[in-house]
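Q: Residue numbers (this note's numbering): 3 to 290. Note that beta-carbon positions come from the ideal geometry of N, C-alpha and C, so glycine has one too. First the structure, then my questions, so here it is.
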Ligand SMILES: [Zn+2]
């Protein structure tokens, strides 16, 4: 809202006080360990799985166990992924990703650990990124470890399943799409062209552990950071929550930007309830 007085406009922005506090936090703690989640990518058109209370907004995603054990589950996953990938693969970074890339450029970021699998931090120019849950733009053979680009795999899926190319559906956070009531038994999923092994997106599924060396690398960065900044994550998943717990244990203050409840609310020194991009932009201007 804007008030006019003395011929000048004064703008009163409700997020300004919170962003000023966050800017103070950035000045006080010059090397940040940043953890981002789905909330930072929603403005790029990738929807969040969780509601404001941290509960599921939709059916929980496929588990690793179901994916490797059942051919129909795999067919359903890839059929939905064939549809979802088009939107997911063309998503572009938003102002929140750009703000974090700028903070890294200014030397303020020790490491940026993301729970997202969309690659949007790198697309925005961040390089100190640890993709905690992997990247959806690669497909991996579970037998020979060969990796192929998701884009090439997409072309093969479409060539083998021409009827499915015409379908469109709601995109989900992991590039999946909702296709309730479809018959997936006729969907043709290719095996590894080299060894015939099972192909899986190179992301950590629910029920699967984050590779140990990836976790250790993140902990090592956290150990030398001054503070932790959480952006757009409810921290409901342990793989992200453990870093907040470790920061708290090590006496490092934690600030968070998130809409709604998180699992670590009682660990935060500062919490800003607001839009990630809006808050980060105002904060970065104030902290510059
Ligand atoms: Zn193979």
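#1: Taking a contact to mean a Cβ-Cβ separation below 8 angstroms, would you say residue 112 touches residue 214 in this structure?
#2: Any heavy atom of ligand 1 closer than 7 angstroms to the CB of residue 148?
#3: What are the boundary residues of the beta strand (DSSP E) that residue 186 is part of?
#4: Alpha carbon to alpha carbon, what distance is there between residue 241 and residue 210?
#5: Residue 257 by DSSP, collapsed to three states: which one?
#6: Tell me the residue span of the alpha helix (DSSP H) that contains residue 151.
#7: With residue 17 as the anchor, note down where its beta strand (DSSP E) starts and where it stops.
#8: Given a threshold of 16 other Cβ atoms within 10 Å of its Cβ, counted over all protein chains shown, does residue 117 qualify as buried or as exposed?
#9: Going by the CB atoms, is the gap between residue 37 and residue 230 shorter than 8 angstroms?
#10: Whose C-beta lies closer than 7 angstroms to the C-beta of residue 44 among residues of the same chain, with five residues either side of it excluded?
#11: Assuming residue 237 contacts residue 216 (C-beta within less than 8 angstroms), just tell me the rounded distance between them.
A: On the basis of the coordinates in this document:
#1: As a working note, residue 112 is residue 110 in the chain shown. As a working note, residue 214 is residue 212 in the chain shown. Going by C-beta atoms, residue 112 is not nearer than 8 angstroms to residue 214.
#2: To locate residue 148, count along the chain shown from 1; it is residue 146. Yes.
#3: Sequence index remark: in the chain shown, residue 186 carries index 184 (1-based). No beta strand (DSSP E) holds residue 186; DSSP gives it neither H nor E.
#4: Sequence index remark: in the chain shown, residue 210 carries index 208 (1-based). Sequence index remark: in the chain shown, residue 241 carries index 239 (1-based). It is roughly 10 angstroms from the alpha-carbon of residue 210 to the alpha-carbon of residue 241.
#5: As a working mapping, residue 257 is identified with position 255 in the chain shown. Assigned with DSSP and collapsed to three states, residue 257 falls in strand.
#6: Along the chain shown, one-based indexing puts residue 151 at 149. Looking at the DSSP string, residue 151 is not in any alpha helix (DSSP H); the run it does join, the beta strand (DSSP E), is 149–151.
#7: Start at 1 with the first residue of the chain shown, and residue 17 comes out as number 15. Careful: residue 17 lies outside any beta strand (DSSP E) and carries neither H nor E.
#8: Numbered from 1 along the chain shown, position 115 holds the residue referred to as residue 117. Answer is buried; the Cβ neighbour count reaches 16.
#9: Your numbering for residue 230 matches position 228 in the chain shown. Your numbering for residue 37 matches position 35 in the chain shown. Taking C-beta atoms as the reference points, residue 230 and residue 37 count as a pair closer than 8 angstroms.
#10: Numbered from its first residue, the chain shown carries residue 44 at position 42. So the list reads 50, once near-sequence residues are dropped.
#11: For the purposes of this step, residue 237 is taken as the residue at position 235 of the chain shown. For the purposes of this step, residue 216 is taken as the residue at position 214 of the chain shown. Contact doesn't hold; Cβ gap of about 18 angstroms is too wide.
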